[in-house]
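Have a look at the structure below, then the notes.
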Amino acid sequence: MKKEGKEQIWKDYQKEIPDNDFFYVRSCIRQNLFPASEVIFLKILREELGRNVFETPHHTTCGGIGYHSDIVPMETMMTIIARQFSLMTEAGFENYACSCITSFGLYSEVLETWHHFPKVLEKVRKDLKEATGREFKLPKTLSHASDVIYKVRHEIAEKAKYKLINKHTGKPLKVVEHIGCHYSKMFPNKGVGGAEYPYVLTGMVEAWGGEIIDYPERRHCCGFGFRQYLVQANRGYSLANTHKKFESMEPFEPDMIITNCPGCPFFLDRWQYVIAETEGKTYGGKNQGIPVFTYEEVAGMVLGYDPWDLGLQVHQIAVEPLLDKVGIPYNSETKYLGLDGKNLGKPELPKNICSC
Amino acid sequence: MKKLYDRLADDIRFQEGMNACINCGTCTAICPAAEFYDYDPRRVVDLVQSKNEEEIEKLLRDDTIWFCGECMSCVTRCPRKNAPGLIIMAMRSLSQDLGYFTDSEKGRQQLALKRSIGKMILETGYCLYRRWVTPEAHPEGGPIWKWSFENVDDLYERLGCNLDGEGTGVLRKIPQQDLDELKRIFEVTGGMDRYEKIETYSAQKADEMGISIDDYITKSFLGV
Ligand code: SF4
Ligand code: SF4
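As they're listed, the protein sequences go chains A and B. Going by numbering that gives the first Met the number 0, the first sequence opens with residue 0, and the numbers climb by one from there. Going by numbering that gives the first Met the number 0, the second sequence opens with residue 0, and the numbers climb by one from there.
Dropping the structure here:
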């Protein structure tokens, strides 16, 4: 394709990401699985970059995991979302930023539905009023929290202490990015770069010195599949999909994986452990996995935060080989300590794959 | 009774997702569920668009509609702007409304989901609550999951969270007034009705199968 053609397509998939004044809504999954990531997001935005990010104690789950497990009806999910918008309206904000891809997909779906079916919006307004007495305005902009980091990626690069470069070879780290299905597969124009050229994570990695790997199963689902992971009997589905991705990326020898969704990094991290323990197979060399990160963790790493403040100790796949490659210092002695050096014991070591 | 097809057509997801299917199979080619299960979204969309009531009822009572992972990869790729994933969601809703879901092994898993995810949503305001996600139910979480489960208070405090605390912050306790509003939303919009239907139809099925409701859950959750 000619360069101008590419540029035209690229323009179609740009989205408006505001520069400041966000109403921030947390992710149930991210808070539970990667508890430090949202702490780091707020620290970077507020303390490093001086942005105004508001959060309220009153928002709840968007109901997304229940909706996609089909136990929560669409009307209920839409009204929960309407309530979150009402909290935003009450606080005087109009830039909505959420920390979860499942939520982001739902907000996109709901806004689109309300746009096409104004009667549905009317009904939701009535239901919310009846249930809670609340009213709401629609947000002016909708961002995923990674869109916000994408927007400020060059500012982060300016303040960065480390680059995503292998200090031994001087070459950029080879990075796999996984943006999560619900970021832009349903509504390509809601995500940076759309479904075909998603650029939200690639933009960060390039700005911070790394290089993206384009491998055959790059866009394949991580395998969450909602009920396919949540119900123990179905979990083979999740494992099989992750396995497919790892087999596909292995020949490219990735140094690390960066993820968008709060759930994907858990599956990509933990299924590597399961594959190693059940099959003896590892993807990062002998007894080594490929470390998997949230985008907040990667931002925190390049900014030079202590890896254990970033929560990297809750990963099953060891992050130390990657920290060594970049030259990020860490103290192995403090990895598993609590506040003020409290001894929390140590996790058991897996048989076939390194966890520290 | 209103025809099944017409009931599906009342669902806006069905209206959005069901245009004219040309049976090209692109959705099946991209579908992660089709690789893992004996599942073919092309066939589902084609059967539904045939408006054959008997076939639609069969689907609503069958495992097939529960194989989809709702990843929506098919939505990006369908050349006719169909959304097999959304059609499946409309079918799952109808199957639960009518109680047909208990006829299939995969459909019966809805009770386990309602009693885990459904409970967490209403009782904590989160769709996942760390203290209830045990290492026993998640062996794939590995030793780190077990260690962080056992040290959750200390570890999450060290990471700057506000687990079960007042005010804002990671995993704060969601105030009762907000949980009350959430519950009211469920009551007004059919969420509670869905929960009750899942319970009632599942209890009937457990009776029919001659097993206790606990065994019914264990069987469907563990697949044994
Ligand atoms: S991709 Fe679309 S048109 Fe082709 S079989 Fe699937 S639903 Fe039908
Ligand atoms: S939404 Fe369902 S049918 Fe569509 S690709 Fe994903 S798993 Fe397959």
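Glycine included, C-beta positions come from ideal geometry on N, C-alpha and C.
- In terms of CA proximity to A/C353, A/Q271 leads the group A/K139, A/Q271, A/Y228 and A/G262.
- B/F35 belongs to the set of residues whose beta carbon lies under 8 Å from a beta carbon in chain A.
- Distance from the CA atom of A/E276 to the CA atom of A/S237, rounded to whole angstroms, is 16 Å.
- Any Cβ of chain A closer than 8 Å to the Cβ of B/P31 would place that residue at the interface, and such an atom is present.
- The C-alpha of A/T60 is placed about 17 Å away from the C-alpha of A/S36.
- The beta carbon of B/S94 sits closer than 7 Å to the beta carbons of L59, I64, F100 and G106 from its chain, once the five residues preceding and following it are set aside; these are given in chain order.
- A distance below 8 Å separates the beta carbons of A/L41 and A/V52.
- Between A/V38 and B/V169, the C-beta gap is smaller than 8 Å, which places the two residues in contact.
- For the set A/H314, A/G91, A/F84 and A/D254, the Cα lying nearest the Cα of A/K324 is the one of A/D254.
- Sorting A/Q30, A/Y161 and A/D213 by C-alpha distance to the C-alpha of B/L154 places A/Q30 at the top.
- Beta-bridge annotation (DSSP): A/A96 is paired with A/Y23 and A/S142.
- Here DSSP, grouped into helix, strand and coil, assigns A/T59 to coil.
- In the structure shown, the three-state DSSP call for A/M300 is helix.
- Per the Cβ contact rule, the stretch 279 to 286 of chain A is not in contact with the stretch 134 to 145 of chain A (fewer than 3 Cβ pairs under 8 Å).
- With 16 or more other CB atoms across the displayed protein chains lying within 10 angstroms of its CB, A/Q312 is buried.
- In the same chain as A/N330, and ignoring 5 residues on each side of it, no C-beta atom comes closer than 6 Å to its own.
- Against chain A, the CB of B/Q203 has no partner CB under 8 Å away; the residue lies outside that interface.
- Counting C-beta pairs closer than 8 Å gives fewer than three between the stretch 165 to 174 of chain A and the stretch 62 to 69 of chain A, which falls short of the contact rule.
- Along the stretch 315 to 340 of chain A, the positions whose C-beta sits under 7 Å from a C-beta of chain B are Q315, G337 and L338, read in chain order.
- For B/Y125, the chain A residues whose C-beta falls within less than 7 Å of its own C-beta are C27 and T60, listed in chain order.
- Bridge partners of A/N342 according to DSSP: A/L336.
- Residues of the stretch 186 to 220 of chain A that bring their beta carbon within less than 8 Å of a beta carbon in chain B comprise P187, A194, R218, H219 and C220, in sequence order.
- DSSP, read as helix, strand or coil, puts A/E176 in strand.
- In the assembly as shown, B/S49 is an exposed residue. Its beta-carbon has fewer than 16 other beta-carbons within 10 Å.
- Counting along the chain, B/T123 sits inside the alpha helix (DSSP H) bounded by residues K118 to T123.
- In this structure, the C-beta of B/M71 approaches ligand 2 to less than 7 Å from one of its heavy atoms.
- For A/T293 and A/I43, the gap between their C-alpha atoms comes out near 14 Å.
- Distances between the C-beta of A/I100 and the heavy atoms of ligand 2 are all 7 Å or more.
- Residue-level contact check: A/Q287 does not touch chain B, since none of the beta carbons of chain B fall below 8 Å from its beta carbon.
- Residue contact with chain A for B/P83: absent (no Cβ-Cβ distance below 8 Å to any residue of chain A).
- Secondary-structure assignment with DSSP links A/E129 through no beta bridge to anything.
- In the structure shown, the three-state DSSP call for B/I210 is coil.
- At least one heavy atom of ligand 1 lies closer than 7 Å to the C-beta of B/P78.
- Taking non-hydrogen atoms of ligand 1 into account, the C-beta of B/C23 is found less than 7 Å away from one of them.
- The DSSP assignment places 141 to 149, 151 to 157 and 175 to 188 as complete runs of the alpha helix (DSSP H) inside the stretch 129 to 198 of chain B, in order along the chain (cut-off: 4 residues).
- The criterion of a C-beta distance shorter than 8 Å is satisfied by A/V301 and A/L163.
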